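Asker: Read in order, the letters of the sequence shown correspond to residues 1 to 259 in the UniProt record's numbering.
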Amino acid sequence: MVSRRARKGISRGERDRKKEQNKNLAQPSAVQKKLPSKSRRDRKKAIQQASKSTAGNPKEIHTTPQPGDIYNGIPTTAIEKVFSLALQYRHMNPSIDVITSLSKTKLDRDIVSCLIESALRLLPPPTTPEGIKKQQQLSERKRELAQKSENEFIDALRKKGYEFLTEKEQQKKGDKTGVTPDVRFKDPVNISGHVCSWLEYKSFFGFRKNPFVATKNRKQLRKYAMEIGPGAVVYKFGYEMGHLDMDGVKAFRESDLLA
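(1) For my contact list, Ser149 and Lys216 are in at a C-beta cut-off of 8 Å; report their separation, rounded to the angstrom.
(2) Which residue wins for smallest C-alpha separation from Asp245, given the options Gly206, Arg184 and Asp187?
(3) Identify the continuous alpha helix (DSSP H) that holds Pro129 and give its terminal residues.
(4) Counting only the same chain and skipping the five closest in sequence on each side, list residues whose C-beta sits under 7 Å from that of Gln171.
(5) Is the beta carbon of Phe164 sitting closer than 8 Å to the one on Arg184?
(6) My understanding is that residue 261 touches Gly73, with C-beta atoms under 8 Å, so please give their C-beta distance in whole angstroms.
(7) Tell me the rounded alpha-carbon separation between Ser203 and Ala146.
(8) Leaving aside the five residues before and after Ile111 along the sequence, list all residues of the same chain whose C-beta is less than 6 Å from its C-beta, in chain order.
(9) Exposed or buried, which one is Glu254 when buried takes at least 16 other CB atoms within 10 Å?
(10) Could you have a look at Val213 and say whether DSSP puts it in helix, strand or coil?
(11) Between the beta-carbon of Gly231 and the beta-carbon of Leu257, is there less than 8 Å?
(12) For the putative contact between Ile154 and Ser197, defined by C-beta atoms under 8 Å, what is the C-beta separation to the nearest angstrom?
(13) Who are His243's beta bridge partners in DSSP?
(14) Starting from Glu200, follow its DSSP beta bridges and name the residues at the other end.
(15) Which value, in whole angstroms, describes the spacing of the CA atoms of Gly248 and Asp182?
(16) Nearest to Pro124 by CA position, among Asn93, Tyr71, Ser113 and Ala214, is which residue?
(17) Please report the straight-line C-alpha distance between Ser101 and Arg158, rounded to a whole angstrom.
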């Protein structure tokens with residue numbers, strides 16, 4: 001009587017070989033194995049190591065005002081007072097004048113505008129065709145303005161004589177790592193005592209409670225610091241005091257950097 005295995009033409013040895021092959025395929029390779037997440041100490045060590053390769057006689061940028069009167073950000077209490085009101089009245093799409101009057105703030109109008117815009121981001125998305133179209137047009141307009149601001153910043157930085165690659169230039173050179181900041185210096189630059197290999201430009205006001213944006217930005221900046229070395233984020237309208245506590249990354253206000 002012929003066994004079922006014999007009818008299929010599969011010997012015991014062949015069956016064992018196939019089993020071993022499948023077992024090997026199931027095992028992740030050295031490349032496939034997921035690396036353990038790095039602790040804060042490991043990240044700091046990696047950034048320090050990257051810093052050593054960029055610490056040789058860097059060029060310098062002195063921000064203004066001069067040391068002793070350097071911009072260190074807006075106090076959290078001033079930000080929270082305005083942002084909380086913007087959240088409270090977001091369904092009414094409040095104007096800058098309304099929020100300024102209610103909060104009695106002395107913050108710059110551009111900062112108040114950024115805080116209102118951040119609060120409006122927490123509104124439910126539109127559901128009507130007209131509302132969706134209006135939202136798309138608004139988003140496109142914001143992207144255009146953000147790109148315009150970034151281009152102006154890059155042009156101003158080039159006029160100062162610094163050599164660097166923009167994000168698009170890095171991509172054209174074949175960078176496929178995804179680590180392409182807005183500015184990547186060809187040689188490290190010392191910005192008020194902080195050695196920078198790269199800059200990331202943000203056309204808004206930086207603060208820790210910025211919905212969705214703050215968390216995303218922190219991940220992005222940490223990745224740059226880990227992969228490239230120390231750098232900085234440049235905010236068009238400034239930032240909240242102490243909002244960016246991150247190894248290897250410093251915040252600057254655009255007007256101070258370009259003055």
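Just so it is clear, CB atoms sit at the ideal spot from N, CA and C, and this is done for glycine as well.
Being a predicted model, the structure only gives us computed values, none of them experimental.
Answerer: According to the structure shown:
(1) Not confirmed; about 19 Å, so no contact.
(2) For Asp245, the nearest C-alpha among the options comes from Gly206.
(3) From DSSP, the alpha helix (DSSP H) with Pro129 extends over Pro129 to Lys159.
(4) Counting only residues of its own chain and dropping the five nearest sequence neighbours on each side, Gln171 has a CB closer than 7 Å to the CB of Thr180.
(5) Yes, these two residues count as a Cβ contact at 8 Å.
(6) Residue 261 cannot be examined here, being either before or after the span of the chain that is shown, 1 to 259.
(7) Those two C-alpha atoms are separated by around 6 Å.
(8) Result list for Ile111: Phe205 and Phe237, in chain order.
(9) Result: buried.
(10) Residue state, collapsed to three classes: helix.
(11) No, Cβ-Cβ distance for Gly231 and Leu257 is not below 8 Å.
(12) Their Cβ separation, rounded to whole angstroms, is 16 Å, which puts Ile154 and Ser197 out of contact at 8 Å.
(13) Bridge pairing for His243: absent [DSSP].
(14) Bridge partners of Glu200: Val233.
(15) Near 17 Å, if we compare the C-alpha coordinates of Asp182 and Gly248.
(16) Cα-wise, what sits closest to Pro124 is Asn93.
(17) The straight-line gap from Cα to Cα measures roughly 40 Å.
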